[in-house]
Amino acid sequence: MTVSPFIEHLPKAELHLHIEGTFEPELMLRIARRNNVPLPFASADEAKAAYNFSNLDEFLSIYYQCMSVLITQDDFCDLTCAYLDRVAAQTVRHAEIFFDPQAHTSRGMDFATVCNGIRAGLDYGRERHGITSRLIMCFLRHLEEDDAMATLEQAMPFRESIYAVGLDSSETGNPPGKFTRVFAQARDAGFAAVAHAGEEGPAEYVREAVDILRVQRIDHGCRVLDDPSLTSELAGRAIPFTVCPLSNHKLRVVDTLEQHPLRDMLDAGLTVTLNSDDPAFFGGYINENYQSMQDRLGIDDATLASIARNSFNAAFLDDTRRAELLAQLDSYLNTR
Ligand code: ADE
Ligand code: ZN
Numbered sequence: 001m002t003v004s005p006f007i008e009h010l011p012k013a014e015l016h017l018h019i020e021g022t023f024e025p026e027l028m029l030r031i032a033r034r035n036n037v038p039l040p041f042a043s044a045d046e047a048k049a050a051y052n053f054s055n056l057d058e059f060l061s062i063y064y065q066c067m068s069v070l071i072t073q074d075d076f077c078d079l080t081c082a083y084l085d086r087v088a089a090q091t092v093r094h095a096e097i098f099f100d101p102q103a104h105t106s107r108g109m110d111f112a113t114v115c116n117g118i119r120a121g122l123d124y125g126r127e128r129h130g131i132t133s134r135l136i137m138c139f140l141r142h143l144e145e146d147d148a149m150a151t152l153e154q155a156m157p158f159r160e161s162i163y164a165v166g167l168d169s170s171e172t173g174n175p176p177g178k179f180t181r182v183f184a185q186a187r188d189a190g191f192a193a194v195a196h197a198g199e200e201g202p203a204e205y206v207r208e209a210v211d212i213l214r215v216q217r218i219d220h221g222c223r224v225l226d227d228p229s230l231t232s233e234l235a236g237r238a239i240p241f242t243v244c245p246l247s248n249h250k251l252r253v254v255d256t257l258e259q260h261p262l263r264d265m266l267d268a269g270l271t272v273t274l275n276s277d278d279p280a281f282f283g284g285y286i287n288e289n290y291q292s293m294q295d296r297l298g299i300d301d302a303t304l305a306s307i308a309r310n311s312f313n314a315a316f317l318d319d320t321r322r323a324e325l326l327a328q329l330d331s332y333l334n335t336r
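Here the sequence shown is numbered in this note's numbering, starting from 1 and rising by one per residue.
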């Protein structure tokens, strides 16, 4: 996909990005060899050929397999550095990054190894590229709430490194309400909160995420449109939605990108941002997500600029950095 110069240079924030979903096959094969861990793919081409999914669960099964080659702190640091090197060239100024601690601790890894490795990568990104970041720890919703609670306990010594909690993995049959207590405890401990909702699951899950988990943003959320009164309520409250079109297409939430509900979400007055989810698996990083919506839905440059503005307004930034990034965006738009 050719990305236009306007999109390429547009300052933006990435707000929906799973660090394990940035694991490019070349790096995965290198780390697997280094750690002597078997992978079901012998080459990068073989891996890419296997990235054909008919739903979220099919993707998740490959995704958890791929990340199991990550063993050392350096592995997590290398993964994070590679992502930040790549998106520095996509004019990403700030990134809010999910990680799935339970996918690693469940195979015997220390929470510290994972968290410190990613943290070191984020520090590199700030020093090398000036990209600021926040780390968001997701609970795996297919596991029990007690498991999430134990993970929250493990995270407490890393309170300074982790800004927010999130909720991801297999959505259907795992409503937000299953995690009421752990989100309440996380909020009491000062964490911000977000949740995947309304990706494959119903609009009711979006309602639960907002009303019961009291999240500040909804990840995906496209299915909110099935409930017009909830849609207008969340539009009025300016709850941000982190939308990921290439993901929605690859996981067959929509059959074609032309059927993506982004324009309907904008028309409904929702606060929308564009993001990449698991770019190594879905065929594009943030700029390709912006471009796909211009190419397939005819979203114009001015609207993409307002989506980039939303990304800075919806980010967990302090006032100084937010003002700096909004000024960068204004200056970019004024000098064109
Ligand atoms: N984990 C990584 N990507 C995800 C997605 N799109 N939905 C739910 N959980 C995920
Ligand atoms: Zn996601």
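C-beta: ideal position from N, C-alpha, C; glycine also.
{"query": "Endpoints, alpha helix (DSSP H) assigned at Lys12", "result": "Element bounds for Lys12: not the alpha helix (DSSP H) but the beta strand (DSSP E), Lys12 to His18."}
{"query": "Distance cut-off 7 angstroms: Tyr64 Cβ against heavy atoms of the ligand GDP", "result": "This structure does not include the ligand GDP; its bound ligands are the ligand ADE and the ligand ZN."}
{"query": "According to DSSP, residues forming a beta bridge with Phe98", "result": "His18 and Ile136"}
{"query": "Assigned secondary structure, Gly108 (DSSP; H/G/I helix, E/B strand, else coil)", "result": "coil"}
{"query": "At least 3 beta-carbon pairs within less than 8 angstroms: the region 161–173 vs the region 126–141", "result": "yes"}
{"query": "3-residue-minimum beta strand (DSSP E) runs that sit fully inside the region 215–255, ordered along the chain", "result": "217–220 and 240–243"}
{"query": "Straight-line Cα distance separating Pro38 from Thr320", "result": "46 angstroms"}
{"query": "beta-carbon Leu56 near the ligand ADE non-hydrogen atom, thresh 7 angstroms", "result": "yes"}
{"query": "Alpha carbon of Cys66 to alpha carbon of Arg336, nearest angstrom", "result": "42 angstroms"}
{"query": "6 angstroms CB neighbourhood of Asn116 in its chain, flanking five on each side removed", "result": "Gln73"}
{"query": "First and last residue of the uninterrupted alpha helix (DSSP H) at Leu266", "result": "Leu262 to Asp267"}
{"query": "As assigned by DSSP and simplified to three states, the class of Leu143", "result": "coil"}
{"query": "8 angstroms contact criterion, which Ile131 and Arg93 should meet: CB distance rounded", "result": "6 angstroms"}
{"query": "Nonlocal neighbours in the same chain, by C-beta distance under 8 angstroms from Ala82, ignoring five residues either side", "result": "Thr22, Glu24 and Leu27"}
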